[in-house]
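Below is one structure, written out as structure tokens, with a few remarks after it.
In our numbering, the protein residues as written are 753 to 937.
Have a look at this one:
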């Protein structure tokens, strides 16, 4: 159990039966009345962000989030298969559980599977990936006055906006959090 007075950024607790992570907190001591803790927290499963105030003595159970490194194996229709490289256990997740978190992940790459009480709620891809451009328009000289960009399709099927000098077959470094082009490799 953790009291609201001990909240810190990144702490994961159960609030009203939901697994939530503290995004911001502020201890407020008004001149008149009792102190309180103003918090902004994110429901980890739904992704919604809520603001609420608590008394510093209110207690909440801490939520244990397990992050396991697993290898993405393959997609078989509606299921995505992952393997724990230490125990060789395999799990299959549905498209709803995966969402769009694998749009920059190739087969056999490592991801982090996040779960609470055995229920998977998120997949964290690596922060940066290197992917080959499979399809893009050719860039024309003289089109670069204001750092213009063009769409490119990478080998996982995701679309990325790239500078005009990037050509088909180039290997790119991409930030998976934002989906932005970083550099050529």
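Quick reminder that beta carbons are idealized off the backbone N, C-alpha and C, glycines included.
- If you keep only unbroken beta strand (DSSP E) runs of at least 3 residues inside the stretch 830-866, you get 831-836 and 842-846.
- If you ignore the 5 residues before and after residue 810, its C-beta comes within less than 8 Å of the C-beta of 755 and 756, all in its own chain and listed in chain order.
- Pairing residue 848 with residue 776, the inter-Cα distance amounts to about 29 Å.
- Here the stretch 833-844 makes no contact with the stretch 882-893; the two share fewer than three CB pairs at distances below 8 Å.
- Per the coordinates, the alpha-carbon of residue 830 lies some 28 Å from the alpha-carbon of residue 925.
- With contacts defined by Cβ atoms closer than 9 Å, residue 819 and residue 865 form a contacting pair.
- Every unbroken stretch of the beta strand (DSSP E) spanning 3 or more residues and falling wholly within the stretch 896-923 is given here in chain order: 901-906 and 911-915.
- Nearest to residue 804 by alpha-carbon distance, out of 881, 780, 790 and 860, is 790.
- Of all C-beta pairs linking the stretch 901-914 to the stretch 870-879, fewer than three are shorter than 8 Å, placing the two stretches out of contact.
- Our two residues, residue 787 and residue 867, have alpha carbons roughly 34 Å apart in a direct line.
- DSSP places residue 872 in the uninterrupted beta strand (DSSP E) bounded by 871-876.
- Secondary structure at residue 758: helix, using DSSP grouped into helix, strand and coil.
- As DSSP reads the structure, residue 889 sits in no beta bridge.
- In this chain, the beta strand (DSSP E) harbouring residue 792 covers 788-795.
- DSSP, reduced to helix, strand and coil, places residue 798 outside both helices and strands of the structure shown, so it counts as coil.
- By the CB criterion at 9 Å, residue 873 and residue 928 fall outside the cutoff.
- Around the Cβ of residue 797, a 10 Å sphere holds fewer than 16 other Cβ atoms; the residue is exposed.
- Looking at 833, 918 and 801, the one whose alpha-carbon comes closest to that of residue 862 is 833.
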